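K.L.:
Counting in my numbering, the sequence shown runs from 17 upward without gaps.
From the three backbone atoms N, C-alpha and C, an ideal C-beta is built for every residue, glycine too.
Keep in mind the model is a prediction, meaning the values are calculated, not measured.
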Amino acid sequence: MASNLLKFHIHRIRNPYSESLCLQHDRSQFQTISCRPPGRQTIYASLSSSAPPASRDEAILQAKTCIFTTLERPINNNPKLTGKLKKLKQPRFRVEIPVVDDSPTSLIQLAEEVFGDVPIKRKGSKVKIAIIWPEAALAEAASQSFKSNSSNQAEHTDMSEIAENRILNAADVAVVFAPEQKHLAAIKSVADAVSPKPVLVFNPKWAFEDEGSFGEMSSFVASFDVIYAFMGLEVKGILSKKRGMVFKYTRDGVVSGEKWSVLVEEDGEMKVVSKFTARPSIGEVENVLYNLMAINSPVTKSAKFLKDLVSNVTGKK
17 MASNLLKFHI HRIRNPYSES LCLQHDRSQF QTISCRPPGR QTIYASLSSS
67 APPASRDEAI LQAKTCIFTT LERPINNNPK LTGKLKKLKQ PRFRVEIPVV
117 DDSPTSLIQL AEEVFGDVPI KRKGSKVKIA IIWPEAALAE AASQSFKSNS
167 SNQAEHTDMS EIAENRILNA ADVAVVFAPE QKHLAAIKSV ADAVSPKPVL
217 VFNPKWAFED EGSFGEMSSF VASFDVIYAF MGLEVKGILS KKRGMVFKYT
267 RDGVVSGEKW SVLVEEDGEM KVVSKFTARP SIGEVENVLY NLMAINSPVT
317 KSAKFLKDLV SNVTGKK
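Structure follows, in structure tokens:
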């Protein structure tokens, strides 16, 4: 197995767990400590590379950059001729930022930090965003919170109010925030209601490995292109343990062609050890890590994905 490692292209990047990100061993989860909420930043600021985020601020900035550079074209290129609408393929996107705290307050703050201001410019009216929440109470609380933002361009509704929904009808893009598997039919209804306008699923709460068992909804879920995602991972051996990340970052709004990277920490730095054209399964990631671990530990036990990398409130425990 060790010989296979020589086929991997090794690329050094800076350690994403330095300073504000730290691995906490309790509950076997990545958690964030000592992070300040991000201030307003220029969304199209030049990022030196598509390396994994080194802080909570950078994670949110990367996600926001991916979202709005990807949405800019479909929002600005809506055809005016009704006869052409039915021929368009609906843009469907997905973003995944693992969080420590998924309480209502934390989710609303994360939503406000990402969608509180819209950097997309166009002639005429402002871009309108509809954020669809799992529950009515969340939608109402988010609506009240967003009102304090003078640049707010988002309106809020919930999964129970989809048919003939004024907010959805007026929106340029629909964002389904933190849905669960039980909401799949409602997400489909949202997509149908706003089509051919784009729809974005933000932080779905189901596991990627479960999507093949969604029956007739599996193909619908698979129609969403992941434009930004990262997930902590760990492989344990008899003599050693390694940590790393699966990461995807869509640059410049170009969805096709971006690959999934598997990174592993070596000598205090994160290194890209493999890349995949399609999203890798846990089995494929295990094979990469097992080959890597074989150099120092010929017997490995298990690999698992770790959630909760980034806190969406303060980063405190």
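From the DSSP output, in three-state form, read off Val143 for me.
P.N.:
If DSSP states are grouped into helix, strand and coil, Val143 belongs with coil.
K.L.:
Run through the region 105 to 170 for me and flag every whole beta strand (DSSP E) of 3 or more residues, listed as ranges in chain order.
P.N.:
As far as the region 105 to 170 is concerned, its whole beta strand (DSSP E) runs of at least 3 residues are 108 to 112 and 145 to 149.
K.L.:
Here's the rule I'm using: 16 or more other beta-carbon atoms within 10 Å means buried, otherwise exposed. How should Thr86 be labelled?
P.N.:
Thr86 comes out buried.
K.L.:
Straight-line CA distance for Asn219 to Ala146?
P.N.:
Cα-Cα distance, rounded: 16 angstroms.
K.L.:
For Val215 and Glu302, I'd like the C-alpha separation in whole angstroms.
P.N.:
Near 32 angstroms, if we compare the C-alpha coordinates of Glu302 and Val215.
K.L.:
Let me know if Lys142 comes out buried or exposed under the rule of 16 or more other beta-carbons within 10 Å of its beta-carbon.
P.N.:
Result: exposed.
K.L.:
In terms of residue numbering, what span does the alpha helix (DSSP H) encompassing Met261 cover?
P.N.:
Looking at the DSSP string, Met261 is not in any alpha helix (DSSP H); the run it does join, the beta strand (DSSP E), is Lys257 to Tyr265.
K.L.:
Does the structure place the region 71 to 84 close enough to the region 167 to 186 that three or more beta carbon pairs sit under 8 angstroms?
P.N.:
Segments in contact, no.
K.L.:
For Gln125, is the classification buried or exposed, using 16 other Cβ atoms within 10 angstroms of its Cβ as the cut-off for buried?
P.N.:
That one is buried.
K.L.:
Please report the distance separating the alpha-carbon of Gly140 from that of Gly269.
P.N.:
In a straight line, the C-alpha of Gly140 is about 23 angstroms away from that of Gly269.
K.L.:
By a C-beta neighbour count over all protein chains shown, 10 Å radius and 16 as the cutoff for buried, is Pro238 buried or exposed?
P.N.:
For the sequence presented, residue 238 should be read as Ala rather than Pro. It counts as exposed.
K.L.:
For Glu156, collect the residues of the same chain with a Cβ closer than 8 angstroms to its Cβ; drop the 5 residues on either side in sequence, then sort them by chain order.
P.N.:
Same-chain partners within the cutoff: His172.
K.L.:
Considering only their Cβ atoms, is the gap separating Met309 from Met286 smaller than 8 angstroms?
P.N.:
Result no, Cβ atoms of Met286 and Met309 do not sit closer than 8 angstroms.
K.L.:
Mind checking Asp188: buried by the 16 CB within 10 Å criterion, or exposed?
P.N.:
With 16 or more Cβ atoms within 10 Å of its Cβ, Asp188 is classed as buried.
K.L.:
Is there contact here, the region 267 to 282 with the region 114 to 132, by at least three beta-carbon pairs under 8 angstroms?
P.N.:
Too few Cβ pairs lie closer than 8 angstroms, so no.
K.L.:
Grab the span of the alpha helix (DSSP H) containing Ala190 for me, first residue to last.
P.N.:
Unbroken run through Ala190 is the beta strand (DSSP E), Val189 to Phe193; no alpha helix (DSSP H).
K.L.:
What does the alpha-carbon distance come out to for the pair Gly231 and Ala201?
P.N.:
Each residue's Cα considered, the two are about 12 angstroms apart.
K.L.:
Assuming Leu184 contacts Val210 under a Cβ cut-off of 8 angstroms, what Cβ separation, rounded to an integer in Å, is found between them?
P.N.:
Correct: roughly 6 angstroms between the Cβ atoms.
K.L.:
Per DSSP, which one or two residues make a beta bridge with Val215?
P.N.:
Looking at the DSSP assignment, Val215 forms a beta bridge with Arg108 and Ala190.
K.L.:
For a test of the three-state rule: what should DSSP assign to Gly231, helix, strand or coil?
P.N.:
Gly231: helix per DSSP, three-state reduction.
K.L.:
Quick one, which of Arg89, Pro68 and Ser71 has its alpha-carbon nearest Val271's?
P.N.:
Nearest option by C-alpha distance: Arg89.
K.L.:
Quick one: what's Asp208 bridged to in DSSP?
P.N.:
In DSSP, Asp208 forms no bridge with anything.
K.L.:
What is the rounded straight-line gap between the Cα of Pro150 and the Cα of His199?
P.N.:
Near 8 angstroms, if we compare the C-alpha coordinates of His199 and Pro150.
K.L.:
Would you kindly work out how many angstroms separate the C-alpha atoms of Val278 and Ser297, rounded to a whole number?
P.N.:
Roughly 11 angstroms between the two C-alpha positions.
K.L.:
Considering only the beta carbon of each residue, do Ser234 and Gly228 sit closer than 8 angstroms?
P.N.:
Their beta carbons are under 8 angstroms apart, which means Ser234 touches Gly228 by this criterion.
K.L.:
Considering only residues of the same chain and omitting the five flanking positions on each side of Arg110, which have a CB-CB separation below 6 angstroms?
P.N.:
For Arg110, where only same-chain residues beyond five positions count, the Cβ hits under 6 angstroms are Val217, Phe240 and Val242.
K.L.:
Let me know if Lys213 comes out buried or exposed under the rule of 16 or more other beta-carbons within 10 Å of its beta-carbon.
P.N.:
Per the 10 Å Cβ criterion, buried.
K.L.:
Using alpha carbons as the reference points, say which of Leu305, Glu250, Asp208 and Gln197 lies closest to Asp226.
P.N.:
Of the candidates Leu305, Glu250, Asp208 and Gln197, the one whose C-alpha sits nearest the C-alpha of Asp226 is Gln197.
K.L.:
Would you tell me roughly how many angstroms separate the C-alpha atoms of Leu97 and Leu305, rounded to the nearest one?
P.N.:
Unreliable placement is indicated for Leu97, whose pLDDT of 43 sits below 50; the coordinate value is still reported in the next sentence. Rounded to the nearest angstrom, the two C-alpha atoms are 52 angstroms apart.
K.L.:
Grab the span of the beta strand (DSSP E) containing Glu88 for me, first residue to last.
P.N.:
First-last for Glu88: Arg72 to Asn92, but that is the alpha helix (DSSP H), not the beta strand (DSSP E).
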